[in-house]
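Please read the structure below before turning to the comments.
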Amino acid sequence: MTEKWTKYAVIDLEATNAGIDARIIQIGIVIIENNEITQTFQSDINPHEKLSQHIKSLTGITDQQLEMAPEFSQVAAKIYELIEDCVFVAHNVSFDANLLAEALFFEGYDLLTPRVDTVELAQVFFPDFEKYNLGHLAESMALDLTNAHTAIDDAMATAQLFIRIMKKIASLPKECLQVIQLYADSLIFESGQLISQALDQAESFDSQSFDLVEGILLAKKARPQKPLKLSKDFSINAAILGLDNRPLQNQFANLIQEGLSIPKPSFIQAQAGIGKSYGYLLPLLANSQEDQQILVSVPTKILQDQLMAQEMSRIEEAFHISCHSIKGPSNYLKLDAFFESLKKRDDNRLVNRIKMQLLVWLLESTSGDLDEIKQKHRFISYFDSIRHDGELKKSSPFYDYDFWLNSYEQAKRAKVLLTNHSYFLHRVEDDKAFARDKLLVFDEAQRLLLQLDQLSRKQVNLQELMQGLTTAKEGADTLLEKRLLESLLFELDNLASHYHADQLSDMEITISQQLPQLVKELDAQKFSDLHDFFRYQEADYWISCERRGEKRISYLNTSSQRFINFKSLLPETHKNYFVSASLDISRQVHIAQLLGFDDYSYAKLSKEKSQQQKVIVDTDMPIITEVDDETYSQAIAKRLYLLNQEGKPILVLFHSRKQMLMVSDILDQWHLGHLTQEKNGSPYAIKKRFDRGEQSMLLGMGAFWEGVDFVQADRMIEVISKLPFENPEDLYVKKMSAYLLSQGKNPFNDYFLPFAILKLKQAIGRTMRRQNQKSLVLILDGRILTKSYGDLIFKSLNEDFLISCEKFDDSIQISREFLL
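The UniProt record's numbering applies: residue 1 is where the sequence shown begins, and numbers increase by one.
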């Protein structure tokens, strides 16, 4: 039998610093017996040294307060007596336990109690949180943390967390705990002992809730409920969901409903912030045939997750409508691969902890979507090894439980099927039945153009390609085949060496036509993958590189120079909707035409000039084309530093990854807290952290321009660092330019300039998502004031927003008055 622990001392210390010379300034102790708090102790401690300003700000403790406090020697005996027969519990136990043990040792007390860490235990037994600091856990789990960074409050919150953890462990089936225990030694100190202790009392799994497959417990899916009928009246359905009455949303919903009687594709342009998602979902659910599937495609997986977690979840709950989100295989856990990984005894304790975490997650997840594990980016190599590859043997014991296969089957039955543009295009290219006879909605339809270009691109791992060619050369059937493969290897090795030696950017390597010519001479059946990669007669080829931790991976890329016609990809469908705030790009160019449609209906909602947003063009900012990147980044950072003092959440949008990271590095040097895309996590993760108020500044690009809504803050500041013009050297830009020229259009005036204006308007709309919000938007790019096209940009923005040109100091004062 495992030794029974019943008494725990949950301890938190505040100290002069986090270093080896730290001294205790405050201690909080909470005693737990039989899962109940029975005693508490708290005391300030006089360290006989002045506190830094950082510690004063963090803890609220003052030097005057500590001057009146006892020395540690005066309370050491009481502390030791209170905790000597307890298990030492703390959130990040190493720091607290080591510091307290050292302080007690110098007073003649030897603290040898077992130690338990609530950080690791929370990571294992609550696997889907994004962060595991005490503040985030307290918010997510409704723990009482009124005064963070006071020792007794932190200790009390940790005690509540610890009780929740112990109850969670005790609730797990015996079969799950038995597997988890195999890895428990990978937890620090004696934390794993809690698992062994719970196992002694654990009961077998409930067959109504779980299935046991090869020793792994899997959650059973809930049975679907009978769907309820929606009213034909949009306002009634909206009221059931508790939505505010929004006239423009009502108009949009009417256009969607009217479009069902028009067989041709419907293109509907509506400004951001009116609630388009409900505007198309509710009327289509109310008026479509019972067996008619609605397929919704959005531009990114971030928006897909956001739409599923919010609008579609509310619809499922209120009307029992089956909604399903489908992604590519690599988004799902492959149970066979995970099972094989469990057989291996890794030396890496962090990987073992992830295995424990996933075993708990599988008790709760019915989707197997790895995006539910918010911290997987920290263990990318392991997660890459257990992702689904789209292959599944019928002999697999997990065949009937396979998440990707089940998702694939569930997608056929769902009333509403949600996906993203990339998945839709790749799927429908090979499987027309995926869209045939369905009712299709493309949200943010303008983003289809870029994804169409991505469809024509292929990428292979250069090292893996060369390894495969080397193996093929050794087993070549003929001397000619061997010589061709040797030539291919020589060309590829020469290109890679040149690329890395000269540290070139992705687009600086031009690959000669010799490579596709060599491949053309190889046997097409034997080297089908290679022929497929070089299949385009007119194509661009280039080498790119990415880093994964310390590892550098090189890729060979190709893209067709041909402009893809979207309409030609589609099968016969019941109805197609294309909705966006930016369909009518210019008088000469419309999204419908670029997608290949000649016959279509087009409707455009009237716009209302926002009185809740004010746009300011900064007249003091240096012109981006006239200074170097460092100077421009310093100017951005200086403004962010001053804006941060206004105490409002700040969203900063970049069009260049390099510049975003440069500004972030400067802010780090100035100790200005912020969240940066990629640097601090995925866009989805940092968006949620920003919304929770973990940091008041977010630096982002990509999806933050067009599709991520900021609805939490009543008052915000948005900073746009640069006008969103496309890079003229980008292959997509060149392809689009060539296509427009062939149509007799002016690429810049008819497409790229108006498209940049539309993207700018969408970006401004990110911080105005509900009626009582207000935001100030600061545009730093002075080309609006100096370039010939600047007046057109200014006039266009003036149609939708309150806009003026101001010196930066005046902008600060305007911001204070406007955001009252």
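Idealized CB from N, CA, C, for every residue including glycine.
Pick from the options that is closest to residue i, judged by C-alpha positions
| i | options | result |
| --- | --- | --- |
| Lys567 | Val75, Pro754, Thr419 and Phe442 | Phe442 |
| Ser204 | Ser196, Leu172, Lys229 and Ala219 | Leu172 |
| Ile686 | Met716, Lys276 and Leu651 | Leu651 |
| Ile216 | Asp336, Glu706 and Asp21 | Asp336 |
| Gly19 | Lys56, Asn98 and Phe41 | Asn98 |
| His377 | Gln178, Lys679, His498 and Asp437 | Lys679 |
| Lys761 | Asp800, Leu780, Gly782 and Ser737 | Asp800 |
| Val460 | Lys4, Ser559 and Val116 | Ser559 |
| Ala496 | Glu464, Lys526 and Thr471 | Glu464 |
| Gln39 | Tyr8, Ala69 and Gln26 | Tyr8 |
| Lys221 | Leu569, Gly368, Ser330 and Leu161 | Gly368 |
| Ile326 | Leu260, Tyr408 and Thr158 | Tyr408 |
| Tyr541 | Asp730, Arg715, Leu362 and Cys176 | Asp730 |
| Asn331 | Val360, Ala318 and Trp404 | Trp404 |
| Leu161 | Ser140, Gln181, Ala738 and Ile180 | Ser140 |
| Gln181 | Phe125, Pro224, Ile163 and Arg483 | Phe125 |
| Gln53 | Gln42, Ala15, Phe41 and Glu706 | Ala15 |
| Leu455 | Lys482, Phe597, Phe424 and Leu479 | Phe424 |
| Ser209 | Leu363, Ala198, Asp305 and Leu143 | Leu363 |
| Arg816 | Arg715, Leu797, Tyr732 and Ala756 | Arg715 |
| Ile274 | Phe41, Glu694 and Leu243 | Leu243 |
| Ile585 | Ala202, Asn287 and Pro747 | Pro747 |
| Lys282 | Gln525, Leu255 and Lys301 | According to the sequence displayed, residue 282 carries Leu and not Lys. With distances taken between Cα atoms, Leu282 lies closest to Leu255. |
| Leu307 | Thr419, Leu672, Asp12 and Ala476 | Thr419 |
Residue i and residue j closer than 8 Å at C-beta
| i | j | result |
| --- | --- | --- |
| Ala445 | Val579 | yes |
| His421 | Leu448 | yes |
| Glu372 | Asp128 | yes |
| Lys415 | Ile294 | yes |
| Leu675 | Leu698 | yes |
| Leu776 | Leu819 | yes |
| Phe88 | Pro114 | yes |
| Ser231 | Asn245 | no |
| Tyr555 | Leu488 | no |
| Leu758 | Tyr789 | no |
| Tyr577 | Ile543 | no |
| His320 | Leu228 | yes |
| Asp44 | Ile25 | yes |
| Leu285 | Ala270 | no |
| Glu316 | Arg689 | no |
| Gly279 | Ala239 | no |
| Asp620 | Lys807 | yes |
| Arg766 | Phe704 | yes |
| Tyr732 | Leu450 | yes |
| Ala157 | Ala138 | yes |
| Pro397 | Glu175 | no |
| Gly60 | Gln42 | no |
Residues sharing a beta bridge with residue i, DSSP
| i | result |
| --- | --- |
| Glu36 | Glu33 |
| Asp558 | Inspection of the sequence shows that residue 558 is occupied by Thr rather than by Asp. Answer is Lys458 and Tyr541. |
| Arg657 | DSSP, once it has assigned bridges, lists no residue as partnering Arg657. |
| Ser610 | Phe801 |
| Gln74 | In the DSSP output, where bridge partners are listed per residue, Gln74 has none listed. |
| Ile717 | Ile650 and Leu776 |
| Thr676 | Leu699 |
| Ile25 | DSSP lists no partner for Ile25. |
| Glu14 | Gln26 |
| Leu295 | Leu417 and Leu440 |
| Phe126 | Answer is none; Phe126 lacks a bridge partner. |
| Cys323 | Val416 |
Cβ separation of residue i and residue j, assumed to be a contact under 8 Å, to the nearest whole Å
| i | j | result |
| --- | --- | --- |
| Val615 | Ile764 | 6 Å |
| Arg783 | Ile623 | 7 Å |
| Leu569 | Glu726 | Not really, about 23 Å apart at Cβ, beyond 8 Å. |
| Ser811 | Asp618 | 7 Å |
| Val93 | Val116 | 7 Å |
| Thr573 | Arg436 | 7 Å |
Open item on the list: Taking contact to mean 3 or more Cβ pairs, one atom from each stretch, closer than 8 Å, check whether the segment 584 to 596 and the segment 737 to 756 are in contact.
Closed with: yes
Task: Cβ pair count under 8 Å reaching 3, the segment 599 to 606 against the segment 259 to 269 - done: Yes, since at least three Cβ pairs between the segment 599 to 606 and the segment 259 to 269 fall closer than 8 Å, the two stretches touch.
Task: Three or more C-beta pairs below 8 Å linking the segment 654 to 662 and the segment 719 to 734 - done: Counting Cβ pairs under 8 Å, three or more are found: they touch.
- [ ] Mind the definition here: the segment 347 to 356 touches the segment 169 to 189 only if three or more C-beta pairs lie below 8 Å; say whether that holds.
- [x] The segment 347 to 356 makes contact with the segment 169 to 189; the number of CB pairs closer than 8 Å reaches 3 or more.
- [ ] Tell me, please, whether the segment 381 to 394 touches the segment 141 to 160 by the rule of three or more beta-carbon pairs shorter than 8 Å.
- [x] no
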